[in-house]
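Numbering-wise (the working numbering), the sequence shown opens with residue 14 and increments by one. For reference, the structure is listed below as C-alpha cells.
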Amino acid sequence: MNILVTGGAGYVGCVAVDELVKRHHRVVVLDNLSQGHPGAVSPDAVFVEADLLDAAALEGVFRRYGFEAVLHMAAETVVSQSVSEPRKFFQNNVIGSINLIEQMLKHEVYQIIFSSSAAVYGADAGVPIPEEAVKSPVNAYGESKLIFEKILRWYREIHGLNYIAPQALK
Numbered sequence: 014m015n016i017l018v019t020g021g022a023g024y025v026g027c028v029a030v031d032e033l034v035k036r037h038h039r040v041v042v043l044d045n046l047s048q049g050h051p052g053a054v055s056p057d058a059v060f061v062e063a064d065l066l067d068a069a070a071l072e073g074v075f076r077r078y079g080f081e082a083v084l085h086m087a088a089e090t091v092v093s094q095s096v097s098e099p100r101k102f103f104q105n106n107v108i109g110s111i112n113l114i115e116q117m118l119k120h121e122v123y124q125i126i127f128s129s130s131a132a133v134y135g136a137d138a139g140v141p142i143p144e145e146a147v148k149s150p151v152n153a154y155g156e157s158k159l160i161f162e163k164i165l166r167w168y169r170e171i172h173g174l175n176y177i178a179p180q181a182l183k
C-alpha cells in the first residue's frame, strides 16, 4: 500500500514509518521539521519537507505519489505552548489538517488514521481512560485535537471518509 505519513520525522512518527516499511508498504513522509528530524526517517521511505499549511506543496505531493491511505501524526504538540500561543495550535492542528483531508478527497484517498491525544479528555479522566469518557480539553492542544476529531466525523458523513482517531493506549 502507498501511505503518506504526516509528521513522520517526529518522535512517534518515525517509529510508525519503520513499522510500515517493515511490512513492505511504500511510505512517503511529509514533515515541516518544526519538531521532527530528517535523520530519524527510515532510508526506505521517501522524505518530503513541507507544511500542511502550504496547499500547493501538499497538492504536489498527492499528485506525485498517488496515496491509498494517510497516517496523520503532524501536529503542534508542546502543551505548555498551547496556553500562550493558541492560534498556532488551531492553525496548524485544525487548518493544516483540513488542508490534508481536502487533498485526500480531491485525490480520492478515503482512508486516514488520525493520531489524536488523551488531552481531548482533560485533566480528570483517570487512568486508564475509557474511550466513552467525557471529552473536556483544558488547553488549546487538546481542543485542537478534539475539533479535528469532530471534523472527521462530518467528512465521514458527507464524503465517506473512513477514519480512526485513537486518543491513548488503554
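Just so it is clear, CB atoms sit at the ideal spot from N, CA and C, and this is done for glycine as well.
Closest in alpha carbon position to Ser93, among Phe102, Ala87 and Asn112, is Phe102. Residue environment: Tyr24 is assigned as exposed (fewer than 16 neighbouring CB atoms within 10 Å of its CB, all protein chains considered). In this structure, DSSP gives Glu156 a helical state, which the three-state scheme calls helix. For the pair Arg39 and Ser55, the Cα-to-Cα distance works out to about 11 Å. Going by beta carbons, Gly73 and Val42 fall outside the 8 Å limit. Tyr176 is bridged by DSSP to Ile125. Within a 10 Å sphere around the beta-carbon of Asp44 sit 16 or more other beta-carbons, which makes this residue buried. Ranking Asn152, Ser129, Gly26 and Leu71 by CA distance to the CA of Pro51 puts Gly26 first.
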